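Chemist: Just passing along the structure, written as structure tokens.
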Amino acid sequence: MPELPEVETVCRGLAQRLVGRRLRRVEVRRADLRQPVPPDFAARLTGRRVLAIDRRAKYMLWHLDDEAVVLGHLGMSGRLAVKADPAAPPATHDHVRFETDDELVVVYNDPRRFGLLLLATEATLAGHPLLRELGPEPLSAAFTAASLRERLGGRRGPLKAALLDQTVVAGLGNIYVCEALYRAHVSPLRPAGALSAAEARRLVTEIKAVLSTAIAAGGSTLRDYVQADGELGGFQSQFVAYDREGEACQSRTCRGGQVITRIVQSGRATYYCPRCQK
DNA sequence: CACACAACCTGTCAGC
DNA sequence: TGCTGACAGGTTGTGT
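So the first sequence is numbered by this note's numbering: it starts at 228 and just counts up by one.
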């Protein structure tokens, strides 16, 4: 999916276009996403004004003018994009269509239907089952080496899997975990609970750095990810580990003396350098 | 509680 | 060209 930087990019793009606008028409063309779109979704959104759009982990939050909040997730293949031609017929996998009072059309398209669009309220948001257990935002001041080590304490499974656990830190996915571990020179195979303070500091620093850089570049572009305005993100070319199996490791210590290796952990691909990631 | 794994659904790509 | 199988950014439920 869209990991945190991609969701952030989509949120910013959508906010520019939607905040202050009123939703004139909402059409649910296909409700069977990861969780069903509520039957009253369209009715409850119609006529509402969008006050703000923000993000928690990989969830998107649309705050409406009646205390309702749209809770969205893009899953693996979801996109929310402004339709260039509002009059064009729906594309394959266009599941939900939002039309504003100024003729803007935003479409939720999701081939795999792993995403979701739900409704909550401002009052129930914090306690929502999907948000309740989430760990700290990695770009917040609350995410520190000390807090990370505390959450990893007692875990003997591999660090890679622990960092993908959204209750440890919220918003990382497979790509940025690989990239952050690589940049921090920490092995994905290390038992999560055995991280030293210095390693945790490096890791936290690199997690923040890689996410910030990716957001600044407008997210990354994989097969089916597009920003809110349909533009491609610019970060993909900056991956130094992810999907680079067999390529020379560029780190200062390796100097091309080792190649990026692909292994499988918990059923997911991990890319790392066995020499400089200890 | 921690962890591995399968499942959810569809598209793409490599190999035959 | 067509078929088959592996694989893909995520999350959740089940079983050990």
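Glycine included, every Cβ here is placed at the ideal spot set by N, Cα and C.
Computed from a prediction, not measured in an experiment: that's the story for all the values here.
#1: Let me check one thing: in DSSP terms, what residues is Asp281 bridge-paired to?
#2: According to DSSP, is Val467 part of a helix, a strand, or is it coil?
#3: Please name the residue, chosen from Ser367, Val277 and Thr319, that lies closest to Glu326 on a Cα-to-Cα basis.
#4: On the three-state DSSP scale, how would you describe Ile490?
#5: Measuring alpha carbon to alpha carbon, tell me which residue in Leu390, Lys387 and Thr273 is nearest Asp328.
#6: Taking 6 Å as the limit between beta carbons, can you name the residues of its chain near Ile434, skipping five residues before and five after?
#7: Which residues in the same chain have their Cβ closer than 8 Å to the Cβ of Thr236, if we skip the five residues on either side of it in sequence?
#8: Could you check how far apart the C-beta atoms of Arg271 and Leu358 are, in whole angstroms? I think they sit under 8 Å.
#9: For the beta strand (DSSP E) containing Arg306, list its first residue and its last residue.
#10: Hey, could you find the ends of the alpha helix (DSSP H) Arg378 is sitting in?
#11: Taking the alpha carbon of Gly243 as the point to measure from, which residue in Asp281, Glu377 and Gln465 has its own alpha carbon closest?
#12: I'd like the list of long-range same chain contacts for Gln477, defined as Cβ closer than 8 Å, with 5 residues on each side in sequence excluded.
#13: Who are the Cβ neighbours of Thr394 in its own chain at under 7 Å, not counting the five residues just before and after it?
#14: For Val491, count neighbouring C-beta atoms within 10 Å of its own C-beta (all shown protein chains included) and say buried if the count is 16 or more, exposed if not.
#15: Would you decide whether Asp267 is buried or exposed? Buried here means 16 or more other CB atoms lie within 10 Å of its CB.
#16: If I'm right that Arg479 touches Asn401 with Cβ under 8 Å, what's the distance once you round it to whole angstroms?
#17: Once you ignore the five residues that flank Ala372 on each side, which residues in its own chain have a CB closer than 7 Å to its CB?
#18: Using a Cβ-Cβ cutoff of less than 8 Å, which residues in the same chain neighbour Ala350 once the five nearest sequence positions on both sides are dropped?
#19: Residues in its own chain within less than 6 Å of Gly305 by CB, not counting five upstream and five downstream?
Modeler: Short version:
#1: For the purposes of this step, residue 281 is taken as residue 54 along the first sequence, with counting starting at 1. DSSP output for Asp281 lists Leu288 as bridge partner(s).
#2: Counted from its first residue, the first sequence places residue 467 at position 240. Looking at Val467 - three-state DSSP - the assignment turns out to be coil, as it is neither helix nor strand.
#3: Here the question's residue 326 lines up with position 99 in the first sequence. Ranking the options by Cα distance to Glu326, first place goes to Val277.
#4: Against the first sequence, residue 490 aligns to sequence position 263. Under the three-state reduction of DSSP, Ile490 is assigned to strand.
#5: Here residue 328 is taken as the residue at index 101 of the first sequence, counted from 1. Asp328 has its Cα closest to that of Thr273, out of Leu390, Lys387 and Thr273.
#6: Translated into the one-based positions of the first sequence, residue 434 becomes position 207. Excluding sequence neighbours, Ile434 sits near Pro365 and Ala407.
#7: To locate residue 236, count along the first sequence from 1; it is residue 9. Correct list, in chain order: Ile442, Gly445, Gly446, Gln454, Ala455 and Gly460.
#8: Position 44 of the first sequence holds residue 271. Position 131 of the first sequence holds residue 358. Going by Cβ atoms, the distance from Arg271 to Leu358 rounds to 19 Å, so no, they are not a contact pair.
#9: Reading the first sequence from its first residue, position 79 is the one you call residue 306. Taken as a continuous stretch (DSSP letters only), the beta strand (DSSP E) holding Arg306 covers Arg306 to Val309.
#10: Numbered from 1 along the first sequence, position 151 holds the residue referred to as residue 378. Per DSSP, Arg378 belongs to the alpha helix (DSSP H) from Ala372 to Leu379.
#11: One-based indexing of the first sequence puts residue 243 at position 16. The residue asked about is misnamed: residue 243 is Gln in this sequence, not Gly. Of the listed residues, the one whose Cα sits closest to Gln243 is Asp281.
#12: Reading the first sequence from its first residue, position 250 is the one you call residue 477. The answer, listed in chain order, is Val467 and Gly483.
#13: Within the first sequence, the letter at position 167 stands for residue 394. Scanning its chain for C-beta atoms nearer than 7 Å, with the 5 sequence neighbours on each side dropped, one finds around Thr394 the residues Glu360, Leu361 and Gly362, in chain order.
#14: The count along the first sequence starts at 1 and reaches residue 491 at position 264. With fewer than 16 other beta carbons inside 10 angstroms of its own, Val491 counts as exposed.
#15: Position 40 of the first sequence holds residue 267. By the 10 Å Cβ count, Asp267 comes out exposed.
#16: As a working mapping, residue 479 is identified with position 252 in the first sequence. As a working mapping, residue 401 is identified with position 174 in the first sequence. 25 Å between Cβ atoms; not a contact.
#17: Here residue 372 refers to the residue found at position 145 when the first sequence is read from its first residue. Non-local C-beta neighbours of Ala372 in its own chain, meaning closer than 7 Å and more than five positions away in sequence, comprise Ala424, Ala427, Arg428 and Val431, ordered along the chain.
#18: The count along the first sequence starts at 1 and reaches residue 350 at position 123. For Ala350, same chain residues with a beta-carbon under 8 Å away, outside a window of 5 residues either side, are Glu294 in chain order.
#19: Locating residue 305 in the first sequence gives position 78, counting from the first residue. Closer than 6 Å at the Cβ level, and outside the excluded window around Gly305, lie Asp337 and Gly342.
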